[in-house]
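Below is one structure, written out as structure tokens, with a few remarks after it.
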Amino acid sequence: MPIIQNETDKKAVIKRYKRRSMWAEVWRNFKKSKGAMTGIIILIVVLSACTIGEFIYDYHEDIVKQSFDQRLLRPSWKHPFGTDQYGRDIFARILYGGRYSFSVGVVAVIISFSIGTTLGIVAGYYGGVIENIIMRITDVFASIPSVLLAIAITAAFGQSLLVLMFAVGVVGVPAFCRVARASVMTVVGQEYVEAAHAAGAKNWQVLIRHIVPNSMAPIIVQCTLRVAQAIITASGLSFLGLGVPTPSPEWGGMLSDGRAYIRDYSYMTMFPGLAIMITVLAINLIGDGLRDAMDPKLKR
Amino acid sequence: MSKTKKNIVLLLLACLLMSVLSGCAPSSSEQSDVGPSEEPQETAYQKTIVIAPALDFVSTETQVTTSGTSKSVFLMVFNTLVEQDTEKGGLIPSLAESWELVSDDTWEFKLRRGVKFHDGTDFTAEDVKFTIERGKEQGASKAKLESIKRVEIVDDYTVHIIMSKPDVDILYKLTDPNCVILSKNAFETLSEEEAYKIGTGPYTYNRWEQGDYLSLLRFEDYWEGTPKTEEIVIRNIPEAASRLIALQTGEIDICISPPQIDLHYIAEDPNLTLLQIPGANCRYIGINSSKKPFNDIRVRQAIAHSINRKGFVEAVYEGNATVHNNVMHPGNLFYKEIEGYSYDKEKALALLAEAGYPNGFSATIYSSSGTVQKAVATVMQAQMAEIGIDLEVQSLETATFNATVAPGSDYDMCVNGWGGYVVGPDNALRNMFYTGGNNNNFGFSDEYVDKTLDEAVSISDIETRKKLYGELQEYITNQAVFLPIAIEMIDMGVKSDLEGFVPPQGSIQKFKNVYIPIE
Amino acid sequence: MNSKGMTDLVLKIENLVVHYETEDGIVEAVNGIDLQLERKRVLGLVGETGAGKTTTALAILNLVPDPPGVIKSGRIIVNGKDILNQDIKELERIRGKDVSMIFQDPMTSLNPVFTVGEQIAESIMLHEEVSKREAYERARELLELVGIPQDRADEYPHQFSGGMKQRALIAIALACRPKLLIADEPTTALDVTIQAQVLEVMAEIKEKYETSMIMITHDLGIVAETCDMVAVMYAGKIVEQGTLKDVFNNTKHPYTEGLFNCIPKINDRKAELIPIPGLMPDPTNLSRGCAFAPRCSYVMKECHERPVELKRINDTHMVACHAYDIQDFHIRRRVGKR
Amino acid sequence: MIRYYKSIMIILNRERDLMIRYTIRRLLMLIPILIAVSLVVYFIVDLAPGDVVDVIAPDDASPEDKELLREMMGLNDPFIIRYARYMQGLMRGDLGKSYVNNRDVFEVYFSRLPNTLLLALAGAFVAVLIAVPLGVVSAMHRGSWKDAISMIFGLLGLSMPNFWLGLLLIIFFSLKLGLFPSYGSEGWSSIVLPAITVGTAQAALVMRTTRSSMLEVVRQDYLRTARAKGVPERTVIYKHALRNALIPIVTVMGTQLGVALGGAVFTETVFAWPGVGRLVVDAINSRDIPMVTGCLILTTMLASFLILLVDIAYAFIDPRIKARYTK
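Residue numbers (our numbering), protein chains in the order written: chain A, 1 to 300; chain B, 301 to 819; chain C, 820 to 1157; chain D, 1158 to 1484.
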């Protein structure tokens, strides 16, 4: 082993080392991040609270049933978050409503991920005319203000949980497409991809075996952060009355309902908002942790 | 600021003293204008009055728009031929000084002389002819002017309106802001957009920042005398809570529809007065009787029996609405007090079982995305759950909603409102319940109803008509396609010293005489 | 030597210890080194990557990145000034004026958003009371001096080739005629042909400005060409130190021997290259004994147990190896001409 | 000063033509995008059930009346024909008139735009004033309590739905303390709460970008070079480092401003701010296709101009990018 290694050799050694243990390394870094761990704990608490809510509350009895003698009760032991204008327990509704936020967040991101990433990878890998077409279409969708686009889509396809997921998902496609393309383009230039080509691998083999796995890191980070964003956008649409139909206890919708009562019963707007914020915060913390863990440059 | 205020207060105290001494308050408009020789004791008025309605002013097109706020503004910028006296009832002259039925199908209108348009031209019979003939072609005025065949000019200040069919309600229809008199000259010389801004009313358009505010300036040459208030601003504050805050902080003078839950703030504030006027709008649940299972009258009746109207009034309106049982508005001359459907769960369940749905069924109820509409749907959903009917609520924005529940469409139930009663009994019932009626989205078709409606409209004897309409009301209510919930209240918070306010005409506010004396 | 040395010393390092305190453990980068450099002399600091050469150089400027770097102990006197006990203002005055440094990678060491001229002039304006115009004029002259046409001063680094960038960096470093110049592998990133040019420029200017220099490199050829003195570092310690002649012709330390064995010989191409087996020890976990022991072909039992210290061979030559406790120990390398 | 003067002179003299050509090329590229945007928007809004007649027709209008109205407005023609007609107008620079009140789309848009601009700029002001220094401090003191506080601010700002933040501000500052009005666009005080609402999320984003960009730059060798030649630490950070870290920061601010131009729909809703966002939302709800399409074309155009400006700004920040443009 020569003492004075030339630069490429050194890189090759490092690269091999890194590839083998990349995920282990990411997990190791991730575990060390206090923020990410806080995020995970919050998320677990929120998720399990929502799951428990699923078992202890009955949709008809506890979530939508109105009791007029219980209207507008301030937070107390019996109703930790108070009751709303129909006498429904806000705590129960918030626990139950978590499912909407989570499902919209996750499904929307799956939609934007699968469409956006595929297009981005194809564009970044093949280049040329294909890339041009894909990126110009992306430009068009990216240049329409996303909230307005989402509103137009919900107007076009009617109001339901599915449409909400779709609208929020479509709006996120350009971002994924761009991230994926950029990521693929950096990977395409790497030596090992050239090596694979030189070794006679077919395009799709190179794509699946080398390019996709190696360009995933920024996309995964993007996924996490987009889930947070999607939850906010979705609850915003519900806030505007375009989201999950009543009486489903979607957080944004509850917030919107509380607006009319904001003067004397501000707790009605306080708690749903808090629920959104805490959830999004937890996901953002995890996203940040993942990004730091995956970005070798940020390590000291 | 405070110094000028103090001065004004002093000045006003002096004025008040004077008026007390002279023994008459400056309430009649003729006396409020001061003679030239008088001392500077003239009553001062607040220069600008700011009004915040619930919905924004959207259009200047008088014959096209249906927006309530726009129509309220039209009553300030324009005049109609005849005006409704919303305080005492009946009709009062406006641009027409008098009118009479000169033959079976001809109305003669004597027009007011010396009336000027905002552009300085005189108002004449030409303008009336132009307005009505133009209006027969335009979206919103068309329905009101339908029964008019043509307009004949007798002389500059006399017109004959010739009817194509008998219409007992035509005078009321002419009071609608969609029928305000436009300037023929303006439409011939200006662009349509500009021409729509020329009226004969007490105020002129000044500045419109769409979505923000509309400013109106008083018209010095107004035929009833120069208005007391110099400027009226219609400010757009869509959020009810903010609207009320603006009233409390003094930034606006009239707040329409503050949040019902917060009405106590107005009642508690000595500077503010809460006005609650029974409105024209009847909130109801519409059922599509052409669709299974709603084609079975027992199902509809079961639903009708399971509605707890008191619950609605409390949860949706915070008590600020009146429970309603009839398909006709109580403000209508032909309204009959009927029993309607009682809240009776047992009976409802029995009816359902009889109809073959002992375990209920599921259906969808549509509402627009308005707060009240959504709330009504939500409460309805909860109440129907009691008898095993599983309702899904769909809140749609206006366009989608209107298209979804349009006559002939395939919806189950909807939350709707109907304020068409101000224009007379035939209009009210025919639109809703006549086979193929413009608003008959219940899929409702009943020979008896059609026959009786046709009969009633051609009879001129009031008592006979009353009897027929009374029977109709009872019959239609029984059919349970239109389930009335409540008559909505128009809530308004105003400055306590606001004067010149008259009750609205249906949902259309009449603000042209408002003023605030400064004391 | 001692009496005149006191005044003529440009740099004196005593017992310098620098640690990097990372999450993975404490890296003992520099483990108590002593160094001296006289005026106009050139010291070659030799060793593998990670031996602590650059850290030593940064410590001289008190620029060890903190965190994680901590200068645990030691004294560094540059031009009579105690570097480690200066306030920040004074340090900023010393850097660039008394001592300056040329960094390893010219590609990344120039700020891409300022013109080359600006970057040279900035240094002048910081340390000398000159007008902006004068500073720019001087910058142009300096460029000329390092062999770049004056009018390229208005260009940005990306418009320069690698060799030109390194020259520009030299110009920056020399702008205020420092007493001491530290060159950290100044030619590693350059093509061989350019290397020679750059070295030549450095040599010329050093002569002209009477600057002392520390040449950090792993290339013994460069050392032979440019240096008067040599210090060989291994795992944060100096293992052998002396004049060029001492170290090259009278190599004492097995590690130094290993370094020489890795160089192809121009006049004996068939001679086998003998690599040093193994890798540098984990700097977070150094043994008490000699750090080179695991790789040393002369290793004895006590090498692993007893810490080594520099032992004087003659006036100038020192070596840190237990083997020299034994009489008549010789390393195998045939000393003499390369 | 000299430096900027010089950069400007260089562009003006040597590379002026090339920069102009670049700008023109970019503007030309915008045209097909705008056309595509109009098509997409027109199509989506057209897809929505119901049309403008359902909104504007009076309650008592008969189905025949509505049909007539549709015929008059040309709503019964197939999509292609209507869109072609719209494009015809567009080619002449005519964005058409609102279906709802027959007002000129262009005029209405530009009567609302100042409000949107005001809010966008006020928001950006809040963002820059707080975010950039915070990001720099955070990066320079990585791991310290200052960093922790900045990061918490950044995360909260990013995680807080701004409609909720707006409501919270109203609850505390309007209702409880009575300091600022909760609505409207008159007077400086009415912009405070909306600007904070819009600015917070932006500030969070800009702060995080500044931080990570600075962290990236802080490791660069040229900062060591600068320190080694005796440049004071403040100058190292704010001149040498920040200038290099500026590209992502300017990008984020540019895109944020571009987004804000589209109207801060939620903030506008909460504060009844008469901006472009509400205009478009209302127009979507009333199926006012010319208004929606026109507004979005104009918004896209403005946002694209902004992005172009940002790209040109890059050239001034980083000579390497300028070299790429002028190639």
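Every residue gets a Cβ at the ideal spot worked out from N, C-alpha and C, and that includes glycine.
Interface flag, residue 75 of chain A vs chain B, CB-CB below 8 Å: Mapped onto the first sequence, residue 75 of chain A falls at position 75. With 8 Å as the cut-off, residue 75 of chain A does not count as an interface residue toward chain B.
Stretch-stretch touch, CB-based, cutoff 8 Å, three pairs: the region 486–505 of chain B with the region 514–531 of chain B: Taking 8 Å as the limit for Cβ pairs, the verdict is that the region 514–531 of chain B does touch the region 486–505 of chain B.
Opening and closing residue of the beta strand (DSSP E) in which residue 1060 of chain C lies: As a first step, residue 1060 of chain C is located in the third sequence; it is residue number 241 there, counting from the start. Per DSSP, residue 1060 of chain C belongs to the beta strand (DSSP E) from 1056–1062.
According to DSSP, residues forming a beta bridge with residue 513 of chain B: Here the question's residue 513 of chain B lines up with position 213 in the second sequence. Bridge partners of residue 513 of chain B according to DSSP: B/509 and B/535.
Contacting residues, own chain, Cβ-Cβ under 6 Å from residue 770 of chain B (five flanking each side not counted): The sequence position of residue 770 of chain B within the second sequence is 470, counting from 1. Only 636 meet the Cβ criterion.
Distance CB(residue 48 of chain A)-CB(residue 289 of chain A) smaller than 8 Å: Walking along the first sequence from the start, residue 48 of chain A turns up at place 48. Walking along the first sequence from the start, residue 289 of chain A turns up at place 289. No, the Cβ-Cβ distance between residue 48 of chain A and residue 289 of chain A is not below 8 Å.
Backbone secondary structure at residue 1093 of chain C - three-state DSSP: In the third sequence, the residue the question calls residue 1093 of chain C occupies position 274. Reduced to three states, the DSSP call for residue 1093 of chain C is coil.
Pairwise C-alpha distance: residue 861 of chain C and residue 1018 of chain C: The count along the third sequence starts at 1 and reaches residue 1018 of chain C at position 199. The count along the third sequence starts at 1 and reaches residue 861 of chain C at position 42. Roughly 13 Å between the two C-alpha positions.
Residue 1101 of chain C classed as buried or exposed, judged by whether at least 16 other C-beta atoms fall within 10 angstroms: Translated into positions along the third sequence, residue 1101 of chain C becomes position 282. Taking all protein chains shown into account, residue 1101 of chain C has fewer than 16 neighbouring C-beta atoms within 10 Å of its C-beta and is therefore exposed.
Buried versus exposed, by CB contacts within 10 Å (16 or more), residue 917 of chain C: On the third sequence, position 98 is the one that residue 917 of chain C refers to. In this structure residue 917 of chain C is buried. Its beta-carbon is surrounded by 16 or more other beta-carbon atoms within 10 angstroms.
Rounded straight-line distance, which links the Cα of residue 1481 of chain D to that of residue 1001 of chain C: Looking up residue 1001 of chain C in the third sequence gives position 182. Looking up residue 1481 of chain D in the fourth sequence gives position 324. Cα to Cα, residue 1001 of chain C sits roughly 35 Å from residue 1481 of chain D.
Min CB distance residue 1190 of chain D to chain A below 8 Å: As a first step, residue 1190 of chain D must be located in the fourth sequence, where it is residue number 33. Chain A contact via Cβ: present.
Nearest-angstrom Cβ-Cβ length linking residue 927 of chain C and residue 1379 of chain D, presumed shorter than 8 Å: As a position in the third sequence, residue 927 of chain C is number 108, starting the count at 1. As a position in the fourth sequence, residue 1379 of chain D is number 222, starting the count at 1. So it is a contact: roughly 7 Å between Cβ atoms.
Residues near residue 608 of chain B in its chain [Cβ-Cβ closer than 7 Å; skip 5 each side]: Indexing the second sequence from 1 puts residue 608 of chain B at position 308. These residues qualify, in order along the chain: 643 and 683.
Amino acids of chain B, ordered along the chain, whose beta-carbon sits closer than 7 Å to that of residue 262 of chain A: In the first sequence, residue 262 of chain A corresponds to position 262, counting from 1. Under the 7 Å cutoff, chain B gives 541.
Neighbour list for residue 281 of chain A in chain D, Cβ cutoff strictly below 9 Å: What you label residue 281 of chain A is simply residue 281 of the first sequence in a count that begins at 1. Within chain D, the C-beta atoms nearer than 9 Å to that of residue 281 of chain A come from 1312, 1313, 1315, 1316 and 1317, in chain order.
Given 8 Å, three or more beta-carbon pairs between the region 464–474 of chain B and the region 441–453 of chain B: Pairwise C-beta distances place the region 464–474 of chain B in contact with the region 441–453 of chain B, as three or more of them are shorter than 8 Å.
Below-8 Å beta-carbon distance, residue 1205 of chain D vs any chain A residue: Start at 1 with the first residue of the fourth sequence, and residue 1205 of chain D comes out as number 48. True, the Cβ-Cβ gap to chain A drops below 8 Å.
The region 75–89 of chain A: positions lying closer than 7 Å to chain B by Cβ: Close to chain B, meaning a Cβ-Cβ distance shorter than 7 Å, are the following residues of the region 75–89 of chain A: 85 and 86.
Cβ pair count under 8 Å reaching 3, the region 121–141 of chain A against the region 177–194 of chain A: Counting Cβ pairs under 8 Å, three or more are found: they touch.
Among B/346, B/364, B/344 and B/376, nearest to residue 808 of chain B - alpha-carbon criterion: Here residue 808 of chain B refers to the residue found at position 508 when the second sequence is read from its first residue. Nearest to residue 808 of chain B by alpha-carbon distance, out of B/346, B/364, B/344 and B/376, is B/376.
Environment of residue 101 of chain A [buried if 16+ CB atoms lie within 10 Å]: Sequence index remark: in the first sequence, residue 101 of chain A carries index 101 (1-based). It is buried - the Cβ of residue 101 of chain A has at least 16 other Cβ atoms within 10 Å.
Min CB distance residue 1254 of chain D to chain C below 8 Å: The count along the fourth sequence starts at 1 and reaches residue 1254 of chain D at position 97. It does not: the Cβ of residue 1254 of chain D has no partner Cβ on chain C nearer than 8 Å.
Interfacial residues, the region 1454–1467 of chain D to chain A, with Cβ spacing under 8 Å: For chain A, the residues of the region 1454–1467 of chain D that bring a beta carbon within less than 8 Å of one of its beta carbons are 1456, 1457, 1460 and 1461, in chain order.
Extent of the continuous beta strand (DSSP E) to which residue 972 of chain C belongs: Translated into positions along the third sequence, residue 972 of chain C becomes position 153. First-last for residue 972 of chain C: undefined, no H or E at that position.
Residue 216 of chain A (DSSP reduced to helix, strand or coil): Taking the first sequence and counting its residues from 1, the one referred to as residue 216 of chain A is at position 216. Residue 216 of chain A: helix per DSSP, three-state reduction.
Start and end residues, beta strand (DSSP E) containing residue 893 of chain C: As a first step, residue 893 of chain C is located in the third sequence; it is residue number 74 there, counting from the start. Segment 888–897, the beta strand (DSSP E) holding residue 893 of chain C.
Buried versus exposed call for residue 618 of chain B [16 or more other C-beta atoms within 10 Å across all chains shown]: By one-based count along the second sequence, residue 618 of chain B stands at place 318. Buried is the call here.
DSSP three-state assignment for residue 817 of chain B, whether helix, strand or coil: Position 517 of the second sequence, counting from 1, holds the residue named residue 817 of chain B. DSSP places residue 817 of chain B in the strand class (E or B) of the three-state scheme.
DSSP three-state assignment for residue 339 of chain B, whether helix, strand or coil: Your numbering for residue 339 of chain B matches position 39 in the second sequence. Residue placement at residue 339 of chain B is flagged as unreliable, the pLDDT there being 46, under the threshold of 50; a coordinate-derived value is accordingly withheld.
Cutoff 8 Å: residue 1476 of chain D Cβ touching any chain C Cβ: Counting from one through the fourth sequence, the residue named residue 1476 of chain D turns up at place 319. Closer than 8 Å: yes.
CB contact below 8 Å: residue 175 of chain A versus chain D: Within the first sequence, numbered from 1, the residue matching residue 175 of chain A stands at position 175. Proximity of residue 175 of chain A to chain D, defined by a Cβ-Cβ separation below 8 Å, is not satisfied.
Length of the line joining the Cα atoms of residue 542 of chain B and residue 1332 of chain D: The sequence position of residue 542 of chain B within the second sequence is 242, counting from 1. The sequence position of residue 1332 of chain D within the fourth sequence is 175, counting from 1. Approximately 10 Å between the Cα atoms of the pair.
Where residue 407 of chain B falls: helix, strand or coil (DSSP): Residue 407 of chain B sits at position 107 when you count from the first residue of the second sequence. Secondary structure of residue 407 of chain B (DSSP, three-state): strand.
Local Cβ density within 10 Å of residue 340 of chain B, reported as buried at 16 or more and exposed below that: Position 40 of the second sequence, counted from the first residue, corresponds to residue 340 of chain B. Residue confidence is low: residue 340 of chain B scores 48 on pLDDT, short of 50, so the model does not pin down where it sits. No coordinate-derived value is stated.
Cβ separation of residue 142 of chain A and residue 1201 of chain D, assumed to be a contact under 8 Å, to the nearest whole Å: Locating residue 142 of chain A in the first sequence gives position 142, where the first residue counts as 1. Locating residue 1201 of chain D in the fourth sequence gives position 44, where the first residue counts as 1. Not a contact, Cβ separation roughly 15 Å.
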